[in-house]
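Chain order of the listed sequences is A and B. To get the working numbering, take the position in the first sequence, counting from 1, and add 111. To get the working numbering, take the position in the second sequence, counting from 1, and add 73. The next block holds one structure in the form of structure tokens; read it before the comments.
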Amino acid sequence: MIALVDYGAGNLTSVRKALAHLDAPTTTPTRPAELDAADGIIVPGVGNFEVTAALGADWRAAIRAHIERQRPMLGICVGMQWLFDGSTEAPGHPGLQMLPGTCSLITDQEDATPEEHRGGSDRVGGRLKVPHVGWNTLRVTRPSWLLDGVAKGAQVYFTHSFAAPVTADCVGATRYGVEFAAAVERGLVGGVQFHPEKSSDVGLRILRNFLQKAL
Amino acid sequence: MLSKRIIACLDVRDGAVVKGVNFEGLRHAGDPAELATRYNREGIDEVVILDITATIEKRKALAETIDAVAREIFLPLCVGGGIRGEAHAEAAIEAGADKVGINTAALSQPDLITTLAKRYGSQAVIVAIDTKRVGGRFKIYVRSGQQGTERDAVEWAQEAADRGAGEILLTSIDQDGTKAGFDCELTAAVSSAVPIPVIASGGAGTFDHFVDVFTTGQADAALAASIFHYSEHAVADLKTHLRSHGIPVRIT
């Protein structure tokens, strides 16, 4: 059973439908204790980092216990950012602190090396358009169970303004103004900044990789 | 590199896809879930369901359409047409939409943009603008293009972005359904004025029209309906064409 953690802002419908398509049973626990029975945990997410504050100490403890039982978890979008120490989007709200690093606004990280192509509208007055919306290339940076089978040059769907830095936990990187961590993995803890549930066949492959670890 | 997006619009009435010329003269073009599945196979980047009846009694049919499409394809899905308030947006998102497009309601109650952006995130809020050239300006029309306003499209796009919109869906009523090409001047005017992505709509007839709107028009995405409806392989062929012109696209 895959537990989808609902903290009120994440749109669970899309993730639930993608998992149903892959024949995975899902549940949406209302109490942290229900996570004890989960084979895998997914923390989806959209919106502001601040909403993760709804996952209080009891939820965090239950998720940490799940990881200590050597069961896999996957954070999606804000759910991935939440795996880190925190985000400059909501400085008062710490993340799960499973991965070192702090997420920040893409334009604050920007290293001013625009990519040249004929359709040059990524920038307005020299600044990147934010949010970063659309399909971008996922560059696999090291072998991982999460991105197993993802082809070179594969593209996935992003929609976000904040991003995690490229650290030792990064397994896939994407460039938009700056290179950021598009996929992370440490042991059985995985995270993706993009939306696998919205990334067609590539995304379904990544979700299937997670399900294989979990079920 | 971030790809330019190709978006298929399904104009849906009573659960079936229809397409008109200049917002009128509708003709039937198929089942929404079937068409969306075909587009996904061909490599479309995103799907917009536009409910062109949007009467209250048809709301349930719309939710069923959204649900049916979202079960079959795992792509970003936007729903627009007749979203008058938070409850309508919620129903669309609950049914499986990732984004909602608001048009008339955004103009009459601009706070709705902020309300939805706070609740679902800016990425879920697309402000749709229908505009027509009137005396050298781009004037906004509402109620499916039936009613003119005194508002200017560029100014309104800027205000919508300030209020929390995540993208602008910009339709030229003059070009819509004509197959004569996008209004690149309009698209560039809005795209260069706002810090958020702009989706160009109205007038796609040839592959070169897409090249034009991504270069001259500075669009981040382009939306079309009939060019995809009646021809198999159009999406893949279009993307090959764009790539050969140096425009970054997702090839599947």
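All residues carry an ideal CB built from backbone N, CA and C; glycine is no exception.
Buried or exposed (CB count within 10 angstroms, at least 16 for buried), residue i
i, result
"I122 (chain B)", "buried"
"R253 (chain A)", "exposed"
"V207 (chain B)", "exposed"
"T270 (chain A)", "buried"
"H306 (chain A)", "buried"
"G260 (chain A)", "exposed"
"R86 (chain B)", "buried"
"G167 (chain A)", "exposed"
"I324 (chain B)", "exposed"
"G154 (chain B)", "buried"
"D249 (chain B)", "buried"
"G314 (chain A)", "buried"
"H306 (chain B)", "exposed"
"Y392 (chain A)", "Outside the displayed span of chain A (112 to 326) sits residue 392 (chain A), for which this structure offers no information."
"R180 (chain A)", "exposed"
"R184 (chain B)", "Rather than Arg, the amino acid found at residue 184 (chain B) in this sequence is Asp. That one is exposed."
"R238 (chain A)", "exposed"
"E107 (chain B)", "exposed"
"A294 (chain A)", "buried"
"D169 (chain A)", "exposed"
"F321 (chain A)", "buried"
"A176 (chain A)", "exposed"
"E240 (chain B)", "buried"
"S125 (chain A)", "buried"
"T139 (chain A)", "exposed"
"S311 (chain A)", "buried"
Interface flag, residue i vs chain B, CB-CB below 8 angstroms
i, result
"H243 (chain A)", "yes"
"A176 (chain A)", "no"
"E200 (chain A)", "no"
"Y206 (chain A)", "Note that residue 206 (chain A) corresponds to Gly in the displayed sequence, not to Tyr. Cβ-Cβ to chain B under 8 angstroms: no for G206 (chain A)."
"S215 (chain A)", "no"
"L130 (chain A)", "no"
"E308 (chain A)", "yes"
"G203 (chain A)", "no"
"S255 (chain A)", "no"
"R238 (chain A)", "yes"
"Q323 (chain A)", "no"
Whole-angstrom C-beta distance between residue j and residue i, which should lie under 8 angstroms
i, j, result
"L258 (chain A)", "V282 (chain A)", "6 angstroms"
"L148 (chain B)", "N113 (chain B)", "6 angstroms"
"F195 (chain A)", "T213 (chain A)", "6 angstroms"
"G302 (chain A)", "G186 (chain A)", "4 angstroms"
"G88 (chain B)", "T138 (chain B)", "6 angstroms"
"L189 (chain B)", "L242 (chain B)", "Their Cβ separation, rounded to whole angstroms, is 15 angstroms, which puts L189 (chain B) and L242 (chain B) out of contact at 8 angstroms."
"A234 (chain B)", "V267 (chain B)", "5 angstroms"
"R67 (chain B)", "K128 (chain A)", "Outside the modelled stretch of chain B, which goes from 74 to 325, sits residue 67 (chain B), for which no answer is possible."
"S265 (chain B)", "A292 (chain B)", "The pair is not a contact, with the Cβ atoms about 11 angstroms apart (cut-off 8 angstroms)."
"L115 (chain A)", "L123 (chain A)", "5 angstroms"
"P143 (chain A)", "I113 (chain A)", "P143 (chain A) to I113 (chain A), Cβ: 16 angstroms. No contact."
"A179 (chain B)", "V200 (chain B)", "5 angstroms"
"F160 (chain A)", "H204 (chain A)", "6 angstroms"
"G156 (chain A)", "R182 (chain A)", "With 8 angstroms as the limit, G156 (chain A) and R182 (chain A) do not qualify as a contact, their Cβ atoms being about 20 angstroms apart."
"C257 (chain B)", "T279 (chain B)", "Actually they do not touch by this definition, with Cβ atoms about 14 angstroms apart."
Proximity test, Cβ basis, 8 angstroms: residue i and chain A
i, result
"R323 (chain B)", "yes"
"F147 (chain B)", "yes"
"I122 (chain B)", "no"
"L75 (chain B)", "yes"
"G276 (chain B)", "no"
"Y193 (chain B)", "yes"
"K312 (chain B)", "no"
"R316 (chain B)", "no"
"D171 (chain B)", "yes"
"G153 (chain B)", "no"
"D84 (chain B)", "no"
Identity of the residues DSSP links to residue i by a beta bridge
i, result
"C151 (chain B)", "B:V121, B:K172"
"A89 (chain B)", "B:R86"
"E290 (chain A)", "A:R286"
"L146 (chain A)", "In the DSSP output, where bridge partners are listed per residue, L146 (chain A) has none listed."
"E296 (chain A)", "A:G301"
"M209 (chain A)", "Beta-bridge pairing links M209 (chain A) to no other residue."
"Q266 (chain A)", "A:T248"
"E240 (chain B)", "B:I199"
"A81 (chain B)", "B:V120, B:A297"
"A274 (chain A)", "A:S215"
"H243 (chain A)", "A:H271"
"G103 (chain B)", "B:V90"
"S311 (chain A)", "S311 (chain A) is not bridged to any residue."
4 or more residues per run - each alpha helix (DSSP H) lying fully within the region 160 to 195 of chain B: 177 to 181, 184 to 193
Entirely within the region 202 to 228 of chain B and at least 3 residues each: give me those beta strand (DSSP E) ranges in chain order. 210 to 215, 220 to 225
Which complete alpha helix (DSSP H) runs does the region 256 to 301 of chain B hold, if anything under 4 residues is left out? 257 to 264, 280 to 288
Inside the region 145 to 192 of chain A only - beta strand (DSSP E) runs reaching at least 3 residues: 151 to 154, 184 to 187
What are the complete alpha helix (DSSP H) segments, minimum 4 residues, inside the region 115 to 145 of chain A? 123 to 132
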